[in-house]
Amino acid sequence: FRIESRLQRALQEGALRLVYQPQVDVSNERIVGAEALLRWTDDGQAVPPAEFIPVAEETDLILQIGEWVLREACRQAAGWQCSGHAPLSVAVNLSARQFRDPNLVELIGSILRESGLPPECLELEITESTLMSRLDDTCQRLQALSAMGVRMAVDDFGTGYSSLSYLKRFPVSRLKVDQSFMRDLCTDAEDAAIVDAVVALARALGLDALAEGVETAEQLEALRDTGCRYCQGYYFSRPLPAEAFARLVAVDD
Ligand code: G
Ligand code: G
Ligand code: MN
Ligand code: NA
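Counting in UniProt numbering, the sequence shown runs from 478 upward without gaps.
Put into structure tokens, the structure is as follows:
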């Protein structure tokens, strides 16, 4: 409860910020976009999202926070678009409650209009468990969002239970291979087989695959062999403040 009122105040006082982790094309190691990740510094102390997001998720506070995140991410990503570099996308994590919010589609429409960010440059990440619950409702929401031109990604793929027949029907465009499979990719044959299988599944369904948690050159090499198209992780960059990300993109040109 205490954390909730502090978080509410942080939101009002502008104590939340976003950092951006570059997403990279495996074939040429160029930056194609970034995932926006929320940060909260409370009394000089960083509070991890894994601690405060679940608290916010218990109430409608997550809707207010989520709206701020979407607005901030779209505004900053609109500023990255420049001549000379291919369009950069921004990926925003949606909580389950946010994804079910009846106002979500309208909200995203107005945020895209006010920011000027092209809809194709916005990607929304939902977890496998959100995707695979309330399937009819999920299907309608995904259709409404993809009709706007926004792209959908399945986060932490491989850790939940996906119905492959629904995965086939849903308008999602990307599977994000969970970082837990990356850790021992080079030494554990089972993890390697799982990553191979997810990448093959994505390809068979016409989706692209992005591997999370790539920390070493060896992991990148192993990933290349699977044909995985995109990745992100500390090997390329930690999540960066917006200005630092923009500088990195400028150097990448
Ligand atoms: O940034 P990393 O530190 O630790 O993120 C931890 C978890 O918090 C991840 O599961 C990530 O998806 C989630 N997370 C980070 N930022 C956001 C956000 O803006 N909204 C939601 N719903 N989850 C987020
Ligand atoms: O659940 P989600 O994928 O949204 O969370 C991403 C989380 O993973 C963030 O907390 C981010 O800081 C973290 N992360 C990003 N890259 C790496 C990495 O290479 N290694 C590890 N251990 N964590 C990472
Ligand atoms: Mn994510
Ligand atoms: Na993830």
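Cβ atoms here follow ideal geometry from the backbone N, Cα and C, with glycine treated the same way. This structure is a prediction, so every number in the text was calculated from the model and none was measured.
Check: Continuous beta strand (DSSP E) stretch holding residue 586: start and end; Outcome: Segment 581-592 is the alpha helix (DSSP H) holding residue 586; no beta strand (DSSP E) there.
Check: Endpoints, beta strand (DSSP E) assigned at residue 501; Outcome: 493-502
Check: Inter-stretch contact at 8 Å, needing at least 3 Cβ pairs: the stretch 576-588 / the stretch 541-556; Outcome: yes
Check: Residue 602 beta carbon near ligand 3 (any heavy atom closer than 8 Å); Outcome: yes
Check: Assigned secondary structure, residue 698 (DSSP; H/G/I helix, E/B strand, else coil); Outcome: helix
Check: Exposure label - residue 653; buried when at least 16 CB within 10 Å; Outcome: buried
Check: Residue 647 in three-state terms, based on DSSP; Outcome: coil
Check: Buried or exposed (CB count within 10 angstroms, at least 16 for buried), residue 559; Outcome: exposed
Check: Counterpart residues of residue 718 in DSSP-defined beta bridges; Outcome: 496
Check: Proximity test, residue 575 beta-carbon vs ligand 2 heavy atom, cut-off 8 Å; Outcome: no
Check: Beta carbon of residue 705 nearer than 9 Å to that of residue 503; Outcome: yes
Check: Check: residue 690 C-beta below 8 Å from any heavy atom of ligand 2; Outcome: yes
Check: Own chain residues within Cβ distance below 8 Å of residue 521, not counting five before or after; Outcome: none
Check: Residue-chain proximity (residue 716, chain B), Cβ-Cβ < 9 Å; Outcome: Structure shown: chain B not included; a single protein chain is present.
Check: Residue 512 beta carbon near ligand 3 (any heavy atom closer than 8 Å); Outcome: yes
Check: Extent of the continuous alpha helix (DSSP H) run through residue 615; Outcome: 612-624
Check: The stretch 704-718 in contact with the stretch 485-503 per 3-pair CB rule at 8 Å; Outcome: yes
Check: Segment limits, alpha helix (DSSP H) that includes residue 607; Outcome: 605-608
Check: Secondary structure, alpha helix (DSSP H): runs of 4+ residues fully inside the stretch 501-565; Outcome: 526-534 and 538-557
Check: Sequence-distant residues of its chain with Cβ nearer than 6 Å to residue 552 (five each side left out); Outcome: 592
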